[in-house]
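This report concerns only the one structure given below.
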Amino acid sequence: MVNKTLRYLFFLIGVLINSFGVALITKAALGTSPISSVPYVLSLRFAPTLGEFTFFFNLIFIVLQPILLRRRYKWIQMLQIVVNIVFSWFIDVSMNLLGWLAPQGIAVQLLVLLLGCAVLGFGISVEVAPDVLRVPGEGLVGALAAVTGIRFGTVKIGFDVALVAIALILSFAFFRGLNGLGLGTVVSALIVGWFVNQYNARLPLIARIARLVQKPAETELPAGADQAA
Numbered sequence: 035m036v037n038k039t040l041r042y043l044f045f046l047i048g049v050l051i052n053s054f055g056v057a058l059i060t061k062a063a064l065g066t067s068p069i070s071s072v073p074y075v076l077s078l079r080f081a082p083t084l085g086e087f088t089f090f091f092n093l094i095f096i097v098l099q100p101i102l103l104r105r106r107y108k109w110i111q112m113l114q115i116v117v118n119i120v121f122s123w124f125i126d127v128s129m130n131l132l133g134w135l136a137p138q139g140i141a142v143q144l145l146v147l148l149l150g151c152a153v154l155g156f157g158i159s160v161e162v163a164p165d166v167l168r169v170p171g172e173g174l175v176g177a178l179a180a181v182t183g184i185r186f187g188t189v190k191i192g193f194d195v196a197l198v199a200i201a202l203i204l205s206f207a208f209f210r211g212l213n214g215l216g217l218g219t220v221v222s223a224l225i226v227g228w229f230v231n232q233y234n235a236r237l238p239l240i241a242r243i244a245r246l247v248q249k250p251a252e253t254e255l256p257a258g259a260d261q262a263a
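Residues in the sequence shown are numbered consecutively from 35, following the numbering used here.
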């Protein structure tokens, strides 16, 4: 029970770090991350905030999962609704906390962007290590991979490309040009995963969190049992 509580606690901490990372990337003003691209473009055009639009889109991702998986769906994943509330709310909190941040010049913008990618990558590592829940976007990608038989990574790439394409269309429809998308969108898509790999390989903390996951030990056969079989 203690292990399970710690796993959910680390998962929650990872989600909060993810929210702050998304806000940092957005504040670099070079374009937000692919998963946040559609909500961000919409938030630039309409009254709801980035966090509120994120909540709406993640809710769609959550609803689609049981529709796709049917009997294979694990209903514990409905807790993604709680995750969605926390994640979306803390994006807006983080954006407000970083209200003072307005980097000037491409060098400073790139620095903030890289910092945001590093923070987001760390949050993902902390979130994934406890192996308890999936965030809505990853949950939908997993469901699509399960029903299509296509590898998770391949579906993830296609999913991100589709989101950016939708955001691009909306941007040109609303603003007749790029707004909310840019170099930062491409950079975050390329290097966040690299940061995740580095943290997983080099940070003892991630290994310690992962060890909280109890794995059933292999059952030992008594001597001579294999011959008897």
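Even for Gly, the Cβ is constructed at its ideal location relative to N, Cα and C.
Between the C-alpha atoms of Ala207 and Leu135 there is a straight-line separation of about 28 Å. Here Leu197 carries a helix assignment [DSSP, helix/strand/coil].
Put simply, the backbone Cα of Asn52 is about 12 Å away from that of Trp123. Assignment of Tyr233 by DSSP, reduced to helix, strand and coil, places it in the helix class. Under the criterion of beta carbons closer than 8 Å, Leu197 and Ser77 do not qualify as touching, at roughly 15 Å. For the options Val75, Phe45 and Gly55, the alpha carbon positioned closest to that of Gly211 is the one of Val75. Within its own chain, the residues whose Cβ lies closer than 7 Å to the Cβ of Ala179, once the five positions on either side in sequence are excluded, are Arg185, Phe186 and Val189, listed in chain order. A residue is called buried when at least 16 other Cβ atoms come within 10 angstroms of its Cβ; Phe80 does not meet this threshold and is exposed. Between Val56 and Ile158, the gap from beta carbon to beta carbon reaches 7 Å or more.
Residue environment: Lys61 is assigned as buried (16 or more neighbouring CB atoms within 10 Å of its CB, all protein chains considered).
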